[in-house]
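*Asks:* Right, I'll just put the structure down here and ask away after.
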Amino acid sequence: MSRRGLSFICQNCGAGANRWQGKCEACGEWNTMVEEGAERPPGRKAPKGRLFELQPLTGEAHDAPRLPSGIAELDRVTGGGFVRGSVLLMAGDPGIGKSTLLIQATAALARAGERAVYISGEEAVAQVRLRAERLGLADAPVELASETAVEDIIATLTQGKIPRLIVIDSIQTMWTDTVDSAPGTVSQVRGAAQMLIRFAKRSGAAIILVGHVTKDGQIAGPRVVEHMVDAVLSFEGEGSHQFRILRAVKNRFGPTDEIGVFEMTGAGLREVSNPSELFLSERDLGSPGTAVFAGMEGTRPLLVEIQALVAPTSLGTPRRAVVGWDTSRLAMVIAVLEAHCGVKLGGYDVYLNIAGGMRINEPAADLAAAAALVSSLANSPLPADAVYFGEISLSGAIRPVSHTPSRLKESAKLGFARAVVPEAVRGETGEGGLKTSHVGSLTSLVADIAALGRPRQNTGPAAKTG
Ligand code: TYD
Ligand code: MG
């Protein structure tokens, strides 16, 4: 066996080295270098290449370049459906629901009369059938197989009409003869993905590769495949919640800021077309430390509850713990509260949580987070019918954010009566009878909340607000 080039491959990031190392120089992970057989170059033996025909840029396009799955939340994230000849990676933790979603998608397509194939490398055909039965999809004309050899899969699928959609579950179980190393290694994952991508481009079939993400980096992550595919969708959720969020991490044919929201039920994944209702369904009304944030995910407004707990600390260095938001963003909001508003949090632990297992990246959440923090510290519940949005600058000013009308409209639709918004959006309000109160600085927000307050019952340091 000829070993050319780099034969030690990092199982975390796919970087190569020509000798064993304890630590990968590319990604810094320890104990991830594994010796793998080098990939043989694809068999192109003739010294002269095959001649091909160059095509004009303008020409006949395929008649239906996109095929919607019929599952609206999935189509929203792909940008309108599966593109012919494209390859999509569906990544997520084991058990999050990737197989469930994809069997539902193939069944929907097959029922619509398209040839849809589901290849499982993890489960036997009988197991997949059992799951389909539980999901009420047993009658869908999906073609099933339990196979792991990529050459066999491609040879079989080339027979007859090319399938419109092929699901490969998962890429980590696939192997190709062109690579010497064991299934599951980076070289095999990369080699198998390469063959499937070439097949998709050649045949026009859309392929979805399932990839399990593992945190310890022991099994080759789908990361090495990310740059090879056209789109990467990440399927996320908190173990204890029923919500699942599908997010486009990369998409050559569509937006990357849209999310799809699903709920895992006994009968598979149910689409959630109004996620705000779901995320606000278990609100703890009337308790201090919660604020509703009117956020945006792509083009869709999304209301979520931000919960804060500010409690006297018993530690030398108080704790700052965040779930679903950015830790450095919290540190910034705390610093602004301390520096400009006289709110001293040095003697308190601070916990911040986004309800429902949602993750927020928008700076527009600053104002709602600050309101929740001050509400908890002052022990004054915020009005239950109010939403908050606005970005806080380091000077303590509240800056306007985009999509104000959509945020207000969604809030009014869900029965909220008022919105606390940045001063500068004065012209854009008046949606659906929603009353807007404008705050120009964090100081005035703090004063407003303190005015609502009732005295703190516990024996901790007195809340100093304003
Ligand atoms: P699965 O789709 O197998 O996850 P993945 O392919 O990402 O590893 O989902 C497995 C989990 O989903 C499992 O814990 C059971 C749960 N589940 C339901 O709650 N309802 C259902 O209808 C199905 C099929 C699965
Ligand atoms: Mg699975």
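Its first residue numbered 42, the sequence shown is counted upward by one per residue in this note's numbering.
C-beta: ideal position from N, C-alpha, C; glycine also.
Under 8 Å from any heavy atom of the ligand TYD, does the C-beta of S140 make it?
*Replies:* Here residue 140 corresponds to residue number 99 of the sequence shown, with the count starting at 1. Yes, the Cβ of S140 comes within 8 Å of a heavy atom of the ligand TYD.
*Asks:* For the beta strand (DSSP E) containing E114, name the first residue and the last one.
*Replies:* Translated into the one-based positions of the sequence shown, residue 114 becomes position 73. No beta strand (DSSP E) holds E114; the alpha helix (DSSP H) holding it covers A113 to T119.
*Asks:* Could you have a look at E267 and say whether DSSP puts it in helix, strand or coil?
*Replies:* In the sequence shown, the residue the question calls residue 267 occupies position 226. Here E267 sits in helix by DSSP.
*Asks:* With DSSP collapsed to three states, give me the class of Q52.
*Replies:* Translated into positions along the sequence shown, residue 52 becomes position 11. Residue state, collapsed to three classes: coil.
*Asks:* Might you give, ordered along the chain, the residues of its own chain that have their beta carbon closer than 6 Å to the beta carbon of R156, omitting 5 neighbours on each side?
*Replies:* On the sequence shown, residue 156 is found 115 positions in, with the first residue counted as 1. Answer for R156: K202, P204 and R205, listed in chain order.
*Asks:* Do E192 and the ligand MG come close, with the Cβ less than 8 Å from some heavy atom?
*Replies:* On the sequence shown, residue 192 is found 151 positions in, with the first residue counted as 1. Flag unset: Cβ of E192 not near the ligand MG.
*Asks:* So, are the CB atoms of L486 and A412 less than 9 Å apart?
*Replies:* On the sequence shown, residue 486 is found 445 positions in, with the first residue counted as 1. On the sequence shown, residue 412 is found 371 positions in, with the first residue counted as 1. In contact: L486 and A412 (Cβ atoms closer than 9 Å).
*Asks:* CA-CA distance, L393 and A335?
*Replies:* By 1-based counting over the sequence shown, the position of residue 393 is 352. By 1-based counting over the sequence shown, the position of residue 335 is 294. One C-alpha to the other measures close to 17 Å.
*Asks:* Beta carbon of A332, beta carbon of A349: below 9 Å?
*Replies:* Within the sequence shown, residue 332 is the residue found at index 291, counting from 1. Within the sequence shown, residue 349 is the residue found at index 308, counting from 1. Going by C-beta atoms, A332 is nearer than 9 Å to A349.
*Asks:* Relative to the ligand TYD, is the shortest distance from any of its heavy atoms to the C-beta of P135 smaller than 8 Å?
*Replies:* Residue numbering aside, residue 135 sits at position 94 when the sequence shown is read from its first letter. Yes.
*Asks:* Taking 8 Å as the cut-off, is the CB of D210 close to at least one heavy atom of the ligand TYD?
*Replies:* Indexing the sequence shown from 1 puts residue 210 at position 169. Yes.
*Asks:* Locate the alpha helix (DSSP H) running through Q235, then write down its first and last residues.
*Replies:* Against the sequence shown, residue 235 aligns to sequence position 194. Looking at the DSSP string, the run of the alpha helix (DSSP H) that includes Q235 is V227 to S244.
*Asks:* So if DSSP puts T358 in a beta bridge, which residue, or which two residues, is it bridged to?
*Replies:* Locating residue 358 in the sequence shown gives position 317, where the first residue counts as 1. Note: T358 sits in no beta bridge, so no partner.
*Asks:* Considering only the alpha carbon of each residue, which of P316, T477 and K450 lies closest to R459?
*Replies:* As a first step, residue 459 must be located in the sequence shown, where it is residue number 418. Selected option, being the one with the closest Cα: T477.
*Asks:* G309: beta carbon under 8 Å from a heavy atom of the ligand TYD?
*Replies:* In the sequence shown, the residue the question calls residue 309 occupies position 268. Yes, Cβ of G309 sits closer than 8 Å to a heavy atom of the ligand TYD.
*Asks:* For a test of the three-state rule: what should DSSP assign to Q62, helix, strand or coil?
*Replies:* Sequence index remark: in the sequence shown, residue 62 carries index 21 (1-based). Note: Q62 maps to coil in three-state DSSP.
*Asks:* Work out the CA separation of L483 and L171 for me, nearest whole Å.
*Replies:* Counted from its first residue, the sequence shown places residue 171 at position 130. Counted from its first residue, the sequence shown places residue 483 at position 442. The alpha-carbon atoms of L171 and L483 are separated by roughly 56 Å.
*Asks:* Closer than 8 Å: is that where the CB of R293 sits relative to any heavy atom of the ligand TYD?
*Replies:* The residue labelled residue 293 in the question sits at position 252 within the sequence shown. No, the beta carbon of R293 sits no closer than 8 Å to any heavy atom of the ligand TYD.
*Asks:* With DSSP as the reference, label M373 as helix, strand or coil.
*Replies:* Walking along the sequence shown from the start, residue 373 turns up at place 332. Three-state DSSP puts M373 in a helix.
*Asks:* Leaving out five residues before and five after T368 in sequence, what residues of the same chain have Cβ atoms less than 8 Å from its Cβ?
*Replies:* As a first step, residue 368 must be located in the sequence shown, where it is residue number 327. Same-chain partners within the cutoff: R361.
*Asks:* Among L418, M305 and I112, whose alpha-carbon lies nearest the alpha-carbon of T354?
*Replies:* Within the sequence shown, the letter at position 313 stands for residue 354. The shortest C-alpha separation from T354 is found at L418.
*Asks:* Do you know offhand how far I212's Cα is from Q168's?
*Replies:* Taking the sequence shown and counting its residues from 1, one reaches residue 212 at position 171. Taking the sequence shown and counting its residues from 1, one reaches residue 168 at position 127. C-alpha separation (whole angstroms): 19 Å.
*Asks:* Along the beta strand (DSSP E) that carries R205, what are the first and last residues, could you check?
*Replies:* Residue 205 sits at position 164 when you count from the first residue of the sequence shown. Run containing R205: none; DSSP gives neither H nor E here.
*Asks:* I'd like to know if the stretch 135-143 and the stretch 302-314 are in contact, where contact means that at least 3 CB-CB pairs between them fall below 8 Å.
*Replies:* Yes: at least three Cβ pairs fall under 8 Å.
*Asks:* Say the cut is 8 Å; is the CB of T331 nearer than that to a heavy atom of the ligand TYD?
*Replies:* Along the sequence shown, read from residue 1 onward, the residue named residue 331 stands at position 290. Not so, every heavy atom of the ligand TYD lies at least 8 Å from the Cβ.
*Asks:* Mind checking if S275 is an interface residue toward chain C, Cβ cutoff 9 Å exclusive?
*Replies:* Among the chains in the structure shown there is no chain C, since it carries only a single protein chain.
*Asks:* L129 and I249 - do their beta-carbons sit closer together than 9 Å?
*Replies:* As a working mapping, residue 249 is identified with position 208 in the sequence shown. As a working mapping, residue 129 is identified with position 88 in the sequence shown. Yes, the pair counts as a contact, with Cβ atoms nearer than the cut-off.
*Asks:* Name the DSSP bridge partner or partners of T340?
*Replies:* Counting from 1 along the sequence shown, the entry for residue 340 is found at position 299. Answer by DSSP bridge pairing: none, since T340 is not bridged.
*Asks:* Determine the extent of the beta strand (DSSP E) in which T306 is found, giving its start and end residues.
*Replies:* The count along the sequence shown starts at 1 and reaches residue 306 at position 265. From DSSP, the beta strand (DSSP E) with T306 extends over I300 to T306.
*Asks:* Are R293 and S127 touching if we call contact CB-CB under 9 Å?
*Replies:* Counting from one through the sequence shown, the residue named residue 293 turns up at place 252. Counting from one through the sequence shown, the residue named residue 127 turns up at place 86. Yes, Cβ-Cβ distance for R293 and S127 is below 9 Å.
*Asks:* Whose C-beta lies closer than 6 Å to the C-beta of A561 among residues of the same chain, with five residues either side of it excluded?
*Replies:* Coverage of the chain is limited to positions 42 through 507, which leaves residue 561 absent and any answer about it impossible.
*Asks:* Span of the beta strand (DSSP E) holding V75?
*Replies:* Here residue 75 refers to the residue found at position 34 when the sequence shown is read from its first residue. Residues M74 to E76.
*Asks:* Roughly how many whole angstroms lie between the Cα atoms of G57 and I375?
*Replies:* Position 16 of the sequence shown, counted from the start, is the residue given in the question as residue 57. Position 334 of the sequence shown, counted from the start, is the residue given in the question as residue 375. About 43 Å.
*Asks:* Starting from the C-beta of L115, find all residues in its chain whose C-beta is less than 8 Å away, skip the five residues before and the five after it, and write them out in chain order.
*Replies:* Residue mapping note: residue 115 aligns to position 74 of the sequence shown, counting from 1. If we look at L115 and ignore the five residues flanking it on each side, its Cβ neighbours are L142, A146, L287 and G301.
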